[in-house]
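Just so you know, we're using the working numbering here: the sequence shown kicks off at 12 and counts up by one. Here a beta-carbon is modelled for each residue, glycine too, at the ideal position from N, C-alpha and C.
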Amino acid sequence: MKTRKMIINAILLAIGALLHQITPALGLPIQPDFALTMLFIILMINDDYKTAFIAGIIIGIFTAMTTKFPGGQVPNIIDKIITANLVFLILKGLKGRVKNTLTMGIVLPIGTLISGLIFLESASIIVGLPGSFTALFMAAVVPAMILNLIVGLILYRIVASSYKMYNRTDMM
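Written out as C-alpha cells, the structure reads:
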C-alpha cells in the first residue's frame with residue numbers, strides 16, 4: 012500500500028514539474044503554477060503530514076529549477092513549503108465535512124492565493140520585484156487562481172476517475 016502511494020505521488024510530482032516547465036509566462040516573468048495543482052491533489056489523496064511536507068519540498072525544488080522569474084528559486088521553495096503546510100491544515104478541517112470535488116474547488120483558489128502572496132512577498136524581500144506588489148498580484152496571482160481552479164478541477168476529476176476505474180477508493 013505504501014509503495015503504491017509513493018509511486019502515485021512520484022508520478023503526480025513529475026506531472027506537476029512538467030506542467031510548470033511548459034507553462035508560459037503571462038507577459039511578465041511570472042507564470043501560473045500548475046505544479047501547485049498537483050501538490051494539492053497529492054495533499055488531498057494523502058492524509059499524513061510527512062507526505063505533505065516532503066511533497067512541498069520536492070515541488071518547491073522542481074519549481075525552483077523551472078522558474079521563469081529572475082531570482083525566483085528561493086522564493087519558490089519557501090512558498091511551496093509554507094503553502095503545503097497551510098493547505099494540509101485546511102484539508103484537515105474540511106475532510107469528511109464536504110465532498111472531495113467541492114473541497115478541491117475551495118482549496119485550489121485559496122492555496123494559489125496563499126502561494127502567490129508568499130512568493131511575491133519573499134521575492135520582494137530576497138531579490139526585489141520587477142513592478143509593484145499590487146500590479147504583480149493582479150497580473151499574475153488573480154489569473155493563476157482562476158486557471159488553477161479550472162485546470163485543477165479537471166486534473167482532479169481525471170485522477171479521481173482513474174482511482175475509481177481501478178477500485179482504489181481507499182486512496183480518495
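Reduced DSSP secondary structure (H/G/I, E/B, other) of K79: Assigned with DSSP and collapsed to three states, K79 falls in coil, not helix or strand.
Three-state secondary structure (DSSP) of D90: Assigned with DSSP and collapsed to three states, D90 falls in helix.
Boundaries (first-last residue) of the alpha helix (DSSP H) holding F51: That run of the alpha helix (DSSP H) goes F45 to I56.
At least 3 beta-carbon pairs within less than 8 Å: the segment 120-134 vs the segment 83-99: Contact between the segment 120-134 and the segment 83-99 is established, with three or more Cβ pairs separated by less than 8 Å.
DSSP-derived helix/strand/coil call for G107: In this structure, G107 counts as coil in the three-state DSSP scheme.
Assigned secondary structure, L140 (DSSP; H/G/I helix, E/B strand, else coil): Three-state DSSP puts L140 in coil, outside helix and strand.
Of the residues G67, A155, F64 and L23, the one placed nearest A171, counting alpha carbons only: Minimum Cα distance to A171 is reached at L23.
Distance, N111 Cα to K175 Cα: Rounded to whole angstroms, K175 to N111 spans 13 Å at the Cα level.
Secondary structure of P35, DSSP reduced to three states: Coil, per DSSP.
Straight-line gap, I92 to I68 (C-alpha atoms, nearest Å): Each residue's Cα considered, the two are about 6 Å apart.
Assigned secondary structure, Y177 (DSSP; H/G/I helix, E/B strand, else coil): In this structure, DSSP gives Y177 a state outside helix and strand, which the three-state scheme calls coil.
Between the CA atoms of I117 and G82 - distance to the nearest angstrom: Going by the C-alpha atoms only, they are around 30 Å apart.
Alpha-carbon spacing of T123 relative to Y177, whole angstroms: Cα to Cα, the separation comes out at about 30 Å.
The segment 41-52 in contact with the segment 93-110 per 3-pair CB rule at 8 Å: Short answer: they touch.
Neighbour-count burial assignment, S143, 16 or more Cβ in a 10 Å radius: Exposed is the call here.
CA nearest to the CA of L138, picked from L160, D44, F80 and N20: The sequence shown places Val at residue 138, not Leu. When each option's Cα is compared against that of V138, the closest is F80.
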